[in-house]
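First residue of the sequence shown: 1, per UniProt numbering; consecutive thereafter. Report on the structure given below.
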Amino acid sequence: MKAFVALSMCLVLFSCNALLFNALDTITTDQSIRDGENLLSAGGTFELGFFSAGDPPKRYLGIWYKKITTRTIVWVANRVAPLADASGTLRVTTHGSLVLLDGNGSDIWLSNAPIPVRNPVAQLLDSGNLVVRDAEGSDPKNFLWQSFDYPTDTLVAGMKLGRNRRSGFNRHLTSWKSIDDPSPGNFTFQLDPNGYPQELLKQGSDIKFRTGPWNGLRWSGTPFLNPNPYYGYEFVLNEEEMYFRYELLNRSVTSRLILTTNGILQRFAWIDRTQGWMLYMASPTDQCDNYASCGAYGSCRVDTSPVCRCLKGFVPRFSQEWDMLEWSNGCVRRNPLDCEKDIFVKYSWLKLPDTRSSWFNESMNLRECKVVCMKNCSCIAYSSLDIRNGGSGCLLWFGELIDIRGYSNYGQDLYIRMAVSESALLPSHQKKHKLVMGLAVSFGSVFLILVLIICVLQCKKKKVKLPADPTQREQLDWSARFNIINGIARGLLYLHQDSRLRIIHRDIKASNVLLDFDMNPKISDFGLAKSLAGNETRANTNRVVGT
Ligand SMILES: *[C@@H]1O[C@H](CO)[C@@H](O)[C@H](O)[C@H]1NC(C)=O
Ligand SMILES: *[C@@H]1O[C@H](CO)[C@@H](O)[C@H](O)[C@H]1NC(C)=O
Ligand SMILES: *[C@@H]1O[C@H](CO)[C@@H](O)[C@H](O)[C@H]1NC(C)=O
Ligand SMILES: *[C@@H]1O[C@H](CO)[C@@H](O)[C@H](O)[C@H]1NC(C)=O
Ligand SMILES: *[C@@H]1O[C@H](CO)[C@@H](O)[C@H](O)[C@H]1NC(C)=O
């Protein structure tokens with residue numbers, strides 16, 4: 001008989017589990033939850049009630065996993081206003097607010113409802129979300145209030161970490177002060193809306209760790225975020241919202257992301273066999289995850305010693321400090337930029353730099369991206385926004401590039417604006433072409449450009465090593481040799497003195513002198529060449545290069 005009553009009640013309430021556990025998942029305006037009573041979600045996954053923390057112990061209203069033996073709190077209502085004793089009561093007001101009352105009937109915590117509804121109820125969903133809604137409507141769009149909008153230190157599946165772009169409402173994690181004190185600690189983990197969004201872990205206002213921008217598969221700086229059979233990730237960016245969220249793909253798996261009291265993001269999975277939480281990943285992971293550890297234009301790699309290197313084409317700003325492993329002042333360009341003449345050099349296997357001063361366009365391709373960046377002298381670098389399917393979208397950086405790290409078998413391509421004199425950094429097949437283009441801009445001399453192009457395209461086939469090759473040496477009588485030497489000297493004089501952009505070749509040797517069919521010499525391979533400002537007549541080469 002009792003069982004029959006239970007079963008029919010069960011059918012009426014559509015919450016059989018709750019009834020069998022002798023607990024409800026919903027309260028109405030004329031019910032309440034006193035300290036010692038609980039709400040149990042319909043599937044029996046989460047429980048809401050009062051718990052103790054601190055010394056002397058205080059009482060908090062919170063949500064935890066029901067089935068997990070180690071009490072694991074995922075949400076706290078009154079983290080800034082603890083109850084001194086066990087006299088607390090949770091109610092839903094007729095206006096649709098949740099209110100936590102102390103023994104004297106004063107409200108110590110309140111959830112505001114934006115609009116009154118006729119018949120408000122509070123329900124603990126099986127996702128762990130405590131919601132206030134109209135008894136008639138269970139559409140999430142019409143929730144008056146939900147705990148998922150006010151995360152504490154834990155992100156459970158389905159919760160959004162991010163912002164509403166219209167209202168600016170920011171759902172973020174805030175650490176507990178200590179493991180025994182749920183009040184807000186010093187660390188936050190939140191989506192930064194400046195430039196292209198990225199998640200930042202901050203201590204107060206200092207950035208400690210940056211995930212990097214979302215690249216379609218994962219954050220640029222979280223290589224371990226790989227597709228797996230247990231949970232899926234998504235990043236949503238539309239006119240309304242920008243947020244990160246994960247979903248459990250296998251109901252038998254329990255997983256949570258937590259921001260610890262000492263500022264580490266940790267993902268745990270519950271292991272039934274051991275009845276314990278297994279640490280699945282943590283960020284920051286290593287020295288190179290510490291924000292800007294190698295300064296501007298420095299790249300951090302944990303597998304090199306020292307871990308910081310300047311990107312190619314850059315040198316330490318203060319070399320003595322740098323050598324003493326003080327890297328925070330970073331690196332500066334070896335050769336200054338010159339806007340229209342600049343080139344873009346590809347750097348691979350990177351965590352993309354801080355995007356707070358970036359600009360993006362999701363529909364442009366990489367070629368269009370380069371054109372836009374080239375046109376604006378303050379654009380310092382570009383890359384694809386989404387790395388899937390060969391890459392799409394455009395991300396542009398303005399200002400210094402900071403917080404870059406390098407990986408050995410993972411990472412993204414970044415194209416950095418460099419002086420044309422850094423052409424040596426281009427891959428060799430691009431080098432000559434780029435130099436011709438660079439010179440074309442610089443000399444403005446149609447004649448010389450033609451010679452250089454013809455050289456690159458044709459003379460190469462007939463490369464003559466002047467003194468070395470005995471068979472060809474015979475074709476060269478003394479007057480031909482004199483002509484060649486004279487020609488080389490004239491070429492060098494032109495580069496050194498007469499051309500508008502003065503150039504030191506730095507690699508003059510027989511194999512870099514090409515002969516055309518009339519035995520006229522052409523100087524080739526400007527890969528190591530260095531350009532001088534118009535009025536400079538000498539330059540120091542600090543590094544041994546060329547011949
Ligand atoms: C109730 O109010 C009295 C007097 O203000 C105070 O001493 C007492 O601590 C309060 N009790 C609770 C449970 O807050
Ligand atoms: C939080 O910051 C305050 C002030 O900067 C400091 O005194 C305190 O030790 C910090 N607490 C933790 C847990 O880092
Ligand atoms: C979910 O995970 C469990 C344990 O790993 C496994 O036995 C089960 O087959 C998985 N179910 C699905 C639908 O993948
Ligand atoms: C993005 O690029 C596309 C294609 O070039 C262009 O039509 C669109 O206006 C751009 N959007 C913005 C916001 O600049
Ligand atoms: C270059 O880009 C910056 C940042 O978007 C912008 O403020 C500036 O007006 C642009 N300059 C030109 C010449 O387009």
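Positions of the beta carbon are idealized from the N, C-alpha and C atoms, including for glycine.
By the neighbour-count criterion, in which 16 or more other beta carbons inside 10 Å mark a residue as buried, Gly393 falls on the buried side. Met364 counts as buried, since no fewer than 16 other beta carbons sit within 10 angstroms of its beta carbon.
Remark: fewer than three beta-carbon pairs, one from each stretch, lie closer than 8 angstroms, so the segment 181-189 and the segment 217-225 are not flagged as touching. Taking the Cβ of Phe360 as the reference point, every heavy atom of ligand 5 lies at 6 angstroms or farther away.
The shortest CA-to-CA distance from Leu426 to any of Gly88, Ala480 and Val345 is the one to Val345.
At a Cβ-Cβ threshold of 7 angstroms, Asp107 and Leu101 count as neighbours.
For Gly411, the closest C-alpha among the options Gly330, Arg301, Glu400 and Ser358 is that of Arg301. Note: Asp149 is not bridge-paired with any residue in the DSSP secondary-structure output.
In this structure, Asn194 has its CB at a distance of at least 6 angstroms from all heavy atoms of ligand 5. The DSSP-derived three-state label of Asn483 is helix.
Short note on Met364: C-beta closer than 6 angstroms to some heavy atom of ligand 4.
Contiguous alpha helix (DSSP H) elements confined to the segment 374-428 do not occur, taking only those with 4 or more residues. Residues of the same chain with a CB within less than 7 angstroms of the CB of Ala282, apart from the 5 flanking positions on each side, are Ile264, Leu265 and Gln266 in chain order. Residue environment for Trp322: buried (at least 16 other C-beta atoms within 10 angstroms of its C-beta). Judged by DSSP secondary structure, Ser319 falls within the alpha helix (DSSP H) whose first and last residues are Ser319 to Asp323. Annotation: the continuous beta strand (DSSP E) that includes Leu61 extends over Lys58 to Tyr65. Between the C-alpha atoms of Ile488 and Asn512 there is a straight-line separation of about 11 angstroms. Burial state of Leu279 is exposed, judged by a 10 Å Cβ sphere holding fewer than 16 other Cβ atoms.
Annotation for Ser378 indicates a beta carbon within 6 angstroms of some heavy atom of ligand 5.
In the DSSP assignment, Leu225 is bridged to no other residue. Val121 carries a strand assignment under DSSP once its states are collapsed to helix, strand and coil.
With 16 or more other Cβ atoms from the protein chains shown falling within 10 Å of its own Cβ, Phe360 counts as buried. Just so you know, the alpha carbons of Ser328 and Pro56 end up roughly 44 angstroms apart. One thing to note: Ser383 has its Cβ within 7 angstroms of the Cβ of Leu395.
Taking the C-beta atoms as reference points, Thr28 is found nearer than 7 angstroms to Val121. Between the alpha carbons of Tyr243 and Gly128 lies a gap of roughly 19 angstroms.
Checking the 6 angstroms criterion, the Cβ of Phe51 is out of range of every heavy atom belonging to ligand 5. Counting every other CB atom within 10 Å of its CB across the protein chains shown gives Met418 a total of 16 or more, marking it as buried. The beta carbon of Thr89 sits closer than 6 angstroms to those of Ser32, Arg34 and Leu101, all from its chain and outside the five residues before and after it, given in chain order. The criterion of a C-beta distance shorter than 7 angstroms is satisfied by Val131 and Gln146. Within the DSSP secondary-structure output, Phe244 pairs in a beta bridge with Leu161 and Phe235.
Closest option to Phe189, judged by alpha-carbon separation, among Asp181, Tyr196 and Ile207: Ile207. Between ligand 5 and the CB of Phe398, the shortest heavy atom gap is smaller than 6 angstroms. By alpha-carbon distance to Tyr230, the top candidate from Leu237, Gly212, Val253 and Val236 is Val253. Sorting Arg59, Thr72 and Ala42 by C-alpha distance to the C-alpha of Gly103 places Arg59 at the top. Asn389 has its alpha-carbon roughly 35 angstroms from the corresponding atom of Asn335.
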